[in-house]
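K.L.:
Dropping the structure in here first, questions after.
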Amino acid sequence: MKLMPIGIVHSPYITPKEAPNQGRYSDKIAELEIYPDYLPGLKSLSEATHLIVLYWCHLARRDILQTVTPFGPEIKGVFACRSPYRPNPIAFCVVELLKVEENRLTVRGIDAIDGSPLLDIKPYFPKLDSV
2 MKLMPIGIVH SPYITPKEAP NQGRYSDKIA ELEIYPDYLP GLKSLSEATH
52 LIVLYWCHLA RRDILQTVTP FGPEIKGVFA CRSPYRPNPI AFCVVELLKV
102 EENRLTVRGI DAIDGSPLLD IKPYFPKLDS V
């Protein structure tokens with residue numbers, strides 16, 4: 002298996018401690034820079050109001066399988082929570098799409114730290130994505 006980043010996240014968070022536990026709790030603006038080879042994939046993206054962003058937690062530890070969450074003192078397995086520390090640190094965040102300009106997407110509500118490799122973006126559809 003080989004993952005190919007499609008871009009990079011430019012965010013106001015420099016360290017993991019600065020990032021919010023969940024992006025939806027943040028009103029900070031960030032930018033998703035899409036690499037030139039993937040520009041054709043942005044066609045019609047501006048029609049979306051929100052995006053599902055998948056990114057790689059490049060500074061996360063990959064050897065932790067249990068952790069304490071921000072919601073309580075009990076220890077949970079990483080597959081039972083949203084900790085960035087996991088065997089494959091793939092993160093998921095729903096963001097508000099504010100603007101599309103060439104290869105740059107301006108978004109609000111991301112929890113990625115600056116420099117995180119962008120793995121994929123998908124339009125968020127409430128009827129499909131909300132249970």
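When you line the sequence shown up against our numbering, it's residues 2 to 132, in that order.
Virtual Cβ for every residue (Gly too), placed ideally from N, Cα, C.
Is the region 54–67 touching the region 87–94, taking contact as three or more C-beta pairs under 8 Å?
P.N.:
Touching, yes, given that three or more Cβ pairs across the two stretches are closer than 8 Å.
K.L.:
Sort out for me which residues DSSP pairs alanine 20 with in a bridge.
P.N.:
For alanine 20, which the question treats as bridged, DSSP gives no partner whatsoever.
K.L.:
In the DSSP output, which residue or residues are listed as bridge partners for lysine 123?
P.N.:
Lysine 123 is bridged to Ile53.
K.L.:
If you drop the 5 nearest sequence neighbours on each side, which residues of the same chain put their C-beta closer than 7 Å to that of aspartate 28?
P.N.:
Taken in chain order, the residues that qualify are Arg109.
K.L.:
For valine 96, I'd like the list of residues in its chain whose CB is within less than 6 Å of its CB, leaving aside the five on either flank, ordered along the chain.
P.N.:
Taken in chain order, the residues that qualify are Leu52, Val54, Val108, Gly110, Ile111.
K.L.:
Note the first and the last residue of the continuous beta strand (DSSP E) segment covering phenylalanine 80.
P.N.:
No beta strand (DSSP E) holds phenylalanine 80; DSSP gives it neither H nor E.
K.L.:
Output needed for glutamate 32: all residues of its chain with C-beta closer than 6 Å, excluding positions within five of it in sequence on either side, in chain order.
P.N.:
Correct list, in chain order: His11, Arg105, Thr107.
K.L.:
Here's the rule I'm using: 16 or more other beta-carbon atoms within 10 Å means buried, otherwise exposed. How should tyrosine 26 be labelled?
P.N.:
Classification for tyrosine 26: exposed.
K.L.:
If you count every other CB in all the chains shown that lies within 10 Å of the CB of glycine 8, and 16 or more means buried, which is it?
P.N.:
Buried, because 16 or more other Cβ atoms sit within 10 Å of the Cβ of glycine 8.
K.L.:
Measuring CA to CA, which of Tyr86, Gly116, Trp57, Asp115 is closest to threonine 68?
P.N.:
When only C-alpha atoms are compared, the closest one is Tyr86.
K.L.:
Within this structure, are the beta carbons of valine 101 and leucine 43 separated by less than 8 Å?
P.N.:
Taking 8 Å as the Cβ cut-off, valine 101 and leucine 43 qualify as a contacting pair.
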